[in-house]
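Chains as they are written, first to last, in this note's numbering: chain A, 1 to 253; chain B, 1 to 277.
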């Protein structure tokens with residue numbers, strides 16, 4: 001029989017509720033910020049298009065680089081499990097995942113923008129963003145592949161399939177939804193990245209100028225509140241939509 | 001033919017996998033090379049005192065954020081891990097997860113618009129509050145994951161033994177999950193250490209932590225604020241001084257991550273899922 005909740009329990013429950021409310025409070029503030037400037041949001045998108053396009057292109061380049069590499073890394077870690085490469089990938093993904101965007105951006109600025117003379121632009125920005133998103137893809141792929149039950153692998157191997165066929169035909173379809181969720185998570189991480197892009201795309205503060213991007217527009221709203229609020233609304237919408245899609249796709253990444 | 005193809009495919013995957021360590025090594029290598037001692041007198045805008053002050057600012061803001069956010073984050077994780085309210089719980093859980101994934105610049109604007117006017121300017125306290133708002137959901141999200149790894153059977157056992165809901169939580173579930181929870185807290189700390197733009201927007205741009213209501217900067221914020229100086233003289237002193245700061249920050253975040261791994265490794269039932277976030 002379930003014991004009835006005692007006063008102390010009820011107090012503890014109430015305190016935890018308060019904690020949850022406090023944690024969620026900023027989200028309400030952000031939504032309110034975006035909604036308060038709604039008239040400006042409706043007017044501004046025309047001026048915001050270059051920033052949106054800049055963000056999309058740099059995230060696209062970053063994903064094109066990070067997803068294949070991250071898939072290989074995650075599959076290797078989860079399938080091979082032992083050996084030098086698996087350990088190196090696991091460790092470096094964890095370390096790289098903790099690195100601040102500004103550190104990655106500074107390295108890219110020093111090596112790519114100035115060292116190789118690429119200059120500011122989508123190439124350097126995409127590469128820097130790939131380094132930011134790569135650990136996320138590796139981690140999500142590792143978790144997704146590791147979550148496939150070993151019984152499935154054993155069944156495939158028992159039927160005479162070799163290792164490659166097993167990974168390709170049995171494990172991959174089972175893990176695909178969660179991997180896709182991880183890729184969406186990485187995309188939302190990339191679209192919200194500011195510091196790494198500030199170092200590699202230049203510091204155009206005007207959202208309607210070429211070479212602009214969404215997070216820069218939000219950042220520069222300190223000086224341009226209208227376009228900043230519009231950019232905030234767009235960014236919030238994109239990030240929340242990507243999160244929701246990833247959540248629905250299967251498992252939190 | 002088929003065997004050769006298989007071997008080629010394996011090699012390709014291994015090459016792709018090797019890119020992650022290579023990227024890490026490339027970043028570390030570039031920073032070390034950029035930070036190499038020059039022997040020239042320092043003329044750049046970033047002198048070692050400012051860099052150390054900024055690093056102290058990182059410690060101060062991250063410390064404030066941690067003290068404020070950890071109790072609240074763990075509390076809300078305990079609240080969420082209790083799965084009695086179905087749909088509402090799922091929505092709240094999604095809210096916390098989403099908030100953990102919201103970019104730092106949005107938190108920065110939130111602080112700049114809603115907190116800074118109320119506090120009469122950016123300072124250490126406001127920067128700590130904004131970082132706390134960022135760390136708390138990350139902390140909660142990590143702790144919820146840690147708690148969800150405890151088998152459902154444990155919860156049932158508590159029920160069967162006649163424990164109340166909170167007795168089960170405190171007496172059975174948390175003791176099993178606390179290492180993973182601590183790892184989640186450390187990972188959230190890493191986010192506070194590395195945050196750049198939010199601090200730049202609400203910190204007020206001081207030198208180091210001089211007082212609660214004094215402007216403050218952090219290593220990451222100083223790096224981004226002064227990166228233009230490095231761009232102005234790519235081979236010059238500012239670039240080198242900033243590279244040293246970047247290297248220090250990189251090393252700090254790596255140590256934080258290693259601490260999280262060390263906490264996880266001894267407890268995680270699934271070793272394979274230790275990488276990434």
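Heads up, the beta-carbon is just placed ideally off N, CA and C, and yes, glycines get one too.
Asked                                                                                                                                                                             : Found
In three-state terms, what does DSSP make of residue 125/A?                                                                                                                       : helix
Using a beta-carbon distance below 8 Å, is residue 201/B in contact with chain A?                                                                                                 : yes
Per DSSP, which residues does residue 216/B bridge with? Please list them.                                                                                                        : 204/B
Under 8 Å, do residue 202/B and residue 111/B count as touching if we go by C-beta distance?                                                                                      : yes
Give the straight-line distance between the Cα atoms of residue 215/B and residue 208/B, rounded to the nearest whole angstrom.                                                   : 8 Å
Under the assumption that residue 116/B contacts residue 126/B (Cβ atoms under 8 Å), give the Cβ distance between them as a whole number of angstroms.                            : 6 Å
In this structure, does DSSP put residue 161/B in helix, strand or coil?                                                                                                          : coil
For a test of the three-state rule: what should DSSP assign to residue 11/A, helix, strand or coil?                                                                               : helix
What distance in whole Å lies between the Cβ atoms of residue 186/B and residue 129/B, which are believed to be in contact at a cut-off of 8 Å?                                   : Wrong, their Cβ atoms sit about 21 Å apart, outside the cutoff.
If the cut is a Cβ gap below 8 Å, which residues of chain B does residue 213/A touch?                                                                                             : Per Cβ cutoff of 8 Å: no residues; residue 213/A is ~11 Å from chain B at best.
Specify the secondary structure class of residue 79/A as computed by DSSP and reduced to three states.                                                                            : helix
Secondary structure at residue 189/B, three-state DSSP: helix, strand or coil?                                                                                                    : helix
Using 10 angstroms around the beta-carbon of residue 160/B, count the other beta-carbons present and answer buried if the total reaches 16, otherwise exposed.                    : exposed
Quick check on residue 190/B - is its C-beta less than 8 Å from some C-beta in chain C?                                                                                           : Looking at the structure shown, chain C is missing, and the protein chains on hand are A and B.
State whether the region 136–147 of chain A contacts the region 224–237 of chain A, with contact taken as three or more CB pairs (one from each stretch) at a distance under 8 Å. : no
What residues from the region 217–243 of chain A come within 8 Å of chain B, judged by C-beta to C-beta, listed N to C?                                                           : 218, 219, 221, 222, 228, 232, 235, 236, 239, 240 and 243
What residue range does the alpha helix (DSSP H) around residue 27/B cover?                                                                                                       : 2–34
Are the beta-carbon atoms of residue 213/A and residue 64/A separated by less than 8 Å?                                                                                           : no
Are there three or more Cβ pairs, one per stretch, closer than 8 Å when the region 82–94 of chain A is compared with the region 177–195 of chain A?                               : no
So residue 90/A is in the alpha helix (DSSP H); what residue range does that whole segment cover?                                                                                 : 84–98
Please confirm if the region 12–26 of chain B is in contact with the region 71–79 of chain A, defined as three or more CB-CB distances below 8 Å between the two stretches.       : yes
Could you give the DSSP three-state label for residue 226/B: helix, strand or coil?                                                                                               : coil
When you compare only the Cα positions, how much space is there between residue 219/B and residue 51/B?                                                                           : 7 Å
Tell me the rounded alpha-carbon separation between residue 17/A and residue 190/B.                                                                                               : 26 Å
Give the residues of chain B in contact with residue 31/A, contact being defined as C-beta atoms less than 7 Å apart.                                                             : The contacting residues do not exist; residue 31/A stays about 10 Å from chain B at best.
I need the boundaries of the alpha helix (DSSP H) containing residue 110/B, first residue and last residue.                                                                       : 104–110
Under 8 Å between the Cβ atoms of residue 194/A and residue 199/B?                                                                                                                : no
Using the C-alpha atoms, what's the distance from residue 122/B back to residue 108/B?                                                                                            : 11 Å
From the beta carbon of residue 98/A, is the nearest beta carbon of chain B less than 8 Å away?                                                                                   : yes
Kindly indicate which three-state DSSP category residue 53/B falls into: helix, strand or coil?                                                                                   : helix
With a threshold of 7 Å, establish whether the CB of residue 229/B neighbours any heavy atom of the ligand ADP.                                                                   : For the ligand ADP, the structure offers nothing, since it holds no ligand at all.
Tell me, to the nearest whole angstrom, how far the beta carbon of residue 140/B is from that of residue 73/B; I am working on the premise that it is less than 8 Å.              : 4 Å
Grouping DSSP H, G and I as helix and E and B as strand, with all else coil, what is residue 195/B?                                                                               : coil
Around the C-beta of residue 88/A, are 16 or more other C-beta atoms found within 10 angstroms, so that it is buried, or is it exposed?                                           : buried
Just the chain A side, please: which residues come within less than 8 Å of residue 196/B by C-beta, in chain order?                                                               : 100, 101, 102, 194 and 195
Express the C-alpha separation of residue 167/B and residue 8/A in angstroms, rounding to a whole number.                                                                         : 11 Å
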